[in-house]
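Each residue of the sequence shown is one higher than the one before, counting from 6 in the numbering used here.
Everything below concerns the one structure shown next.
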Amino acid sequence: MPPAETTRGEGDHSHDAYAQPTPRLLYVHDDLTDEVEKRLGPASPATALTRSLFELLGRDRERVVILTLEDQLERVIAQGQHAPFDLALGIAPAGERVAHALHAKTGWFPRVRRLGLTREEDGHGGYRLVSTVPASLADQLQGLEPCHSLAVVDDTIFSGLTMRSVLDALPPALLSRTRAFCLRGVSDSVATVAKLCPVTVGVAAPGHMLEDVSFINASGLVLRVSIRRRGRSPLAFFERPQWIRAWFPGRDGEVVAVCRRLNALLEPGG
Numbered sequence: 006m007p008p009a010e011t012t013r014g015e016g017d018h019s020h021d022a023y024a025q026p027t028p029r030l031l032y033v034h035d036d037l038t039d040e041v042e043k044r045l046g047p048a049s050p051a052t053a054l055t056r057s058l059f060e061l062l063g064r065d066r067e068r069v070v071i072l073t074l075e076d077q078l079e080r081v082i083a084q085g086q087h088a089p090f091d092l093a094l095g096i097a098p099a100g101e102r103v104a105h106a107l108h109a110k111t112g113w114f115p116r117v118r119r120l121g122l123t124r125e126e127d128g129h130g131g132y133r134l135v136s137t138v139p140a141s142l143a144d145q146l147q148g149l150e151p152c153h154s155l156a157v158v159d160d161t162i163f164s165g166l167t168m169r170s171v172l173d174a175l176p177p178a179l180l181s182r183t184r185a186f187c188l189r190g191v192s193d194s195v196a197t198v199a200k201l202c203p204v205t206v207g208v209a210a211p212g213h214m215l216e217d218v219s220f221i222n223a224s225g226l227v228l229r230v231s232i233r234r235r236g237r238s239p240l241a242f243f244e245r246p247q248w249i250r251a252w253f254p255g256r257d258g259e260v261v262a263v264c265r266r267l268n269a270l271l272e273p274g275g
């Protein structure tokens, strides 16, 4: 695995090493509304509470942008057609879902293989990439050399750590036949990926990550899926109220309260 990557200064071991600034522009991907409605029904209290959450998040229309899956898929597709790839590697469940969603509209990815990877806090202000399956990244990439064309698909390129790590681990000859895809990304980070292979991004946000632009998934606000910590249980964003305060200043208390109530409905006993 590659070394840990920091989003702040190298070697920052302070207790607030993972502090979030208030970004000039915050994109919130709505991966929650459809799932809650599908799981608990359109008339359920959880569905009503989810609608209330998005109304609350969207009050600051100049700084907070709500993204839908459909719009991002169409933005990717609008950038040009591709012949079907021999294989698509979907990074984690999110990347796999994106690959299948794009294939349903385009036919680009008839074969999709999931890579079991996630980004984990190392406890010292940095992040490291870890496998979520018994096999290492190198082992998961075995046997790809015969592919005439390879796609690597993720939902977001934020720091670029995950996508770059996968691309760096490919044999050079195969990398020359590879294209990366994602729904959204920070332009600066996308540029570093583009040095390795061509990349197609649905929503490319200009500026530096964190200070200028941030991307979050709505599911991460409510469910314990996004903040992964070495040797400790994962957290939801609402369990880091200082992050909510930075992202949604002035209404952070309301956001935390709604997220907490929604979490109790979606993860009872969690």
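Note that the Cβ used here is the ideal one computed from N, Cα and C, for glycine as well.
- Straight-line spacing of the CA atoms in L92 and L62 works out to 38 Å.
- Residue range G131 to S136 is occupied by the beta strand (DSSP E) that includes G131.
- With fewer than 16 other CB atoms across the displayed protein chains lying within 10 angstroms of its CB, G274 is exposed.
- When only Cα atoms are considered, V208 and G128 end up about 31 Å apart.
- DSSP places F59 in the uninterrupted alpha helix (DSSP H) bounded by P50 to L62.
- Residue burial is scored here from C-beta neighbours: H108 has at least 16 other C-beta atoms within 10 angstroms and is therefore classed as buried.
- If you draw a straight line from the Cα of I221 to the Cα of G131, it comes to about 18 Å.
- Checking the DSSP bridge columns, you'll see N222 partnered with H34.
- Cβ contact annotation for G165 (same chain, cutoff 6 Å, sequence separation greater than five): S194, T197 and V198, in chain order.
- In the DSSP assignment, D173 forms no beta bridge with any residue.
- Beyond the five residues adjoining it in sequence on each side, L172 comes within less than 8 Å, by CB distance, of V157, L180, T183, A185, V198, L201 and C202 in the same chain, given in chain order.
- Under the Cβ criterion (8 Å, minimum of three pairs), the segment 51–70 counts as touching the segment 259–267.
- Approximately 6 Å separates the beta-carbon atoms of S136 and L122; this is inside 8 Å, confirming the contact.
- A distance of 9 Å or more separates the beta carbons of V218 and L78.
- Under the 10 Å beta carbon count, E126 is surrounded by 16 or more other beta carbons and is classified as buried.
- D160 and P239 have their C-alpha atoms roughly 20 Å apart.
- DSSP lists I162 and A209 as the bridge partner or partners of G190.
- Counted as a single uninterrupted DSSP element, the alpha helix (DSSP H) harbouring E259 occupies residues D257 to L271.
- DSSP, read as helix, strand or coil, puts A97 in helix.
- Taking 8 Å as the upper bound for CB-CB distance, R124 and R233 are in contact here, some 7 Å apart.
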